[in-house]
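At the far end of the sequence shown sits residue 415, using numbering that gives the first Met the number 0, and the numbering has no gaps. A virtual CB, placed ideally from N, CA and C, is assigned to each residue, including glycine. First the structure, in the form of structure tokens, and then the observations on it.
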Amino acid sequence: MFLISLSAICFACSSQDLIVNENMPKGVNEKITDLAEEVKEEKGTPDSSETERRVDESVETPAAENKRPASAIYRPELTGISGYINVENFLLDDLKGKVILIDFWTYTCINCIRTFPYLKDWHAKYADDGLVIVGVHTPEFEFEKILSNVAIATREFGLEYPIVLDNERATWGAYQNQYWPAKYLIDRDGYVRYTHFGEGGYEETESVIRDLLQENDNVISESGNTFMEPRPYAEIPQDQTEVESQTRELYSGTIRNYNAIYIGRVSPYVAHEQFYTQRDVDVVYTDPSVHRNHFIYLNGVWLNKPESLKHSRKTEEYQDYVAILFYGTSANVVLKGFGESDSYTVMVYLDDMPLKREFAGEDIKWAPTGNSYIEVVDSRLYRLVKSPSYGGFELKISSNSEQFELFAFTFGSFQN
Numbered sequence: 000m001f002l003i004s005l006s007a008i009c010f011a012c013s014s015q016d017l018i019v020n021e022n023m024p025k026g027v028n029e030k031i032t033d034l035a036e037e038v039k040e041e042k043g044t045p046d047s048s049e050t051e052r053r054v055d056e057s058v059e060t061p062a063a064e065n066k067r068p069a070s071a072i073y074r075p076e077l078t079g080i081s082g083y084i085n086v087e088n089f090l091l092d093d094l095k096g097k098v099i100l101i102d103f104w105t106y107t108c109i110n111c112i113r114t115f116p117y118l119k120d121w122h123a124k125y126a127d128d129g130l131v132i133v134g135v136h137t138p139e140f141e142f143e144k145i146l147s148n149v150a151i152a153t154r155e156f157g158l159e160y161p162i163v164l165d166n167e168r169a170t171w172g173a174y175q176n177q178y179w180p181a182k183y184l185i186d187r188d189g190y191v192r193y194t195h196f197g198e199g200g201y202e203e204t205e206s207v208i209r210d211l212l213q214e215n216d217n218v219i220s221e222s223g224n225t226f227m228e229p230r231p232y233a234e235i236p237q238d239q240t241e242v243e244s245q246t247r248e249l250y251s252g253t254i255r256n257y258n259a260i261y262i263g264r265v266s267p268y269v270a271h272e273q274f275y276t277q278r279d280v281d282v283v284y285t286d287p288s289v290h291r292n293h294f295i296y297l298n299g300v301w302l303n304k305p306e307s308l309k310h311s312r313k314t315e316e317y318q319d320y321v322a323i324l325f326y327g328t329s330a331n332v333v334l335k336g337f338g339e340s341d342s343y344t345v346m347v348y349l350d351d352m353p354l355k356r357e358f359a360g361e362d363i364k365w366a367p368t369g370n371s372y373i374e375v376v377d378s379r380l381y382r383l384v385k386s387p388s389y390g391g392f393e394l395k396i397s398s399n400s401e402q403f404e405l406f407a408f409t410f411g412s413f414q415n
């Protein structure tokens, strides 16, 4: 069942495919030939537009029928698990007679994070009736493989159901999954009855949960319409162009950028020709000042690493920075942290000004001088901007620390 829906989602959620190679920054196209052979050797790390996606759209299989269809597939077992949170070592075979919701997620994924209120609601309402949610944490970045990092995130998000670490993507592969977030509903006999990829579809998913729990004359305690209301999208201008569309997710590492060039379906993310000359070297960048939606711009000295961009020098002032023009209502950034005793400060500017409180994301703080900033302690997603309405904004982040390391930007268009 879920194999059929994969092909549908590849077509339905491919918002990045709209940013085609003809929109590459000047000079980058010339690098394609030189990089192609190098990137072939790196194909073990897939590009998001090819074999993995963070999904912010809703796609699901048809709702479960009262009787299990002949096409239903018996669920694969958890495999290659390297750690457990909220539970001791276990297998799905230990949950016979339960309705199981497998949720593939990773803790820096904003699309996953926005589904947590619904997952927690279902766990609270239906655990006593036989629902077991299993969060399969399949990392996107290397630091997400560290058990303590996932444990901190699990605690901060308030997730109380079992979490397993699928660091080598063995369970991900067993389910032939390609998306964050992704949900697989398994009936009491162990058959996959429903799948959903991306955000949304919460009422549909909960209806299937209730149907599966009540199969074979089982009774559940919850009754009536108790669905949580979905979060509404902001009003977006009907006449917007692609230039004004919500900004795609922006990756800063060489693997994602080089793969984007090699595969050819999307433009790379970093808008500087120097980035593509050599890997794992310090490069001096100059911000061109004029920015385009969907790209990352740099100023100062940066090391281009496989998954990230790292500030390569300690400075007295904040002259080195990362800048983007984004469209949406919210902006987030994934940064690497080194703990409370080794934290660093990142200044945050919106349209070249400190953030006003009505535009500030949850992680923004203010200095006595009025400057807006975040304190980077843990390796995680930091919420920077939360606008009351959809629009285009110039975002700049800057640190004088040589520990400053950037992995990705993500965006949203929900009402705030």
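Annotated three-state conformation of T344 is strand, per DSSP. Between the alpha carbons of L146 and I80 lies a gap of roughly 11 Å. Secondary structure note for V207: its alpha helix (DSSP H) is the uninterrupted segment Y201 to L212. Looking at the DSSP output, P75 sits in no beta bridge, so it has no partner there. Per DSSP, V149 is one residue of the alpha helix (DSSP H) stretching across L146 to F156. Following the DSSP letters along the chain, one finds N258 inside the alpha helix (DSSP H) bounded by residues T253 to I262. Put simply, of N256, E155 and W301 the residue whose alpha carbon is nearest the alpha carbon of Y106 is E155. Taken in chain order, the whole beta strand (DSSP E) runs of length 3 or more contained in the region 75–108 are 82–84 and 98–104. Counting along the chain, H271 sits inside no beta strand (DSSP E), nor does DSSP assign it H or E at all. Spanning the alpha carbons of S251 and I219 requires a straight line of approximately 48 Å. L91 sits close to E76, with the two beta carbons spaced by under 7 Å. Per DSSP, P180 lies in no beta strand (DSSP E) and is assigned neither H nor E.
Look at N331 here: in three-state DSSP terms it is strand. Looking at the backbone, the Cα of H290 and that of L324 are separated by about 6 Å. DSSP, reduced to helix, strand and coil, places R247 outside both helices and strands of the structure shown, so it counts as coil. Annotation: the continuous alpha helix (DSSP H) that includes Y125 extends over F115 to Y125. For A407, no alpha helix (DSSP H) encloses it; the enclosing beta strand (DSSP E) starts and ends at E404 to G411. Fewer than three pairs of CB atoms, one per stretch, sit closer than 8 Å, so the region 115–122 makes no contact with the region 347–364. Exclusion of the five residues before and after L405 leaves S251, S307, L308, V321, V332 and L334 as the residues of its chain whose Cβ lies within less than 7 Å of its Cβ. Where T170 is concerned, the enclosing alpha helix (DSSP H) starts and stops at A169 to A173.
Shortest Cα-Cα distance from D362 to any of P387, Y389, S329 and M352 involves S329.
C-alpha of D93 to C-alpha of R382: approximately 38 Å in a straight line.
E234 is classed as exposed because its beta carbon has fewer than 16 other beta carbons within 10 Å across all chains shown.
Looking only at V131, P116, E143 and W179, the smallest Cα-Cα distance to G82 is reached by E143. DSSP places I396 within a strand segment (E or B) once states are collapsed to three.
By alpha-carbon distance to N176, the top candidate from G197, Q318 and D127 is G197. Between Y317 and M352, the CB-CB gap reaches or exceeds 7 Å. In the three-state scheme derived from DSSP, where H, G and I count as helix and E and B as strand, D128 is classed as helix.
Of the candidates V131, Y183 and E214, the residue whose Cα lies closest to the Cα of F89 is V131. Each residue's CA atom was taken as its position, placing F337 and T194 some 37 Å apart. Going by beta carbons, S288 and W301 fall outside the 7 Å limit. Residue range Y190 to F196 is occupied by the beta strand (DSSP E) that includes F196. Take the alpha-carbon of T114 and the one of G199: they are about 8 Å apart. Between C108 and W171, the gap from beta carbon to beta carbon reaches 7 Å or more. In this chain, the beta strand (DSSP E) harbouring I373 covers S371 to V375. Of the residues V98, I84, Q273 and N292, the one whose Cα lies closest to the Cα of N298 is Q273.
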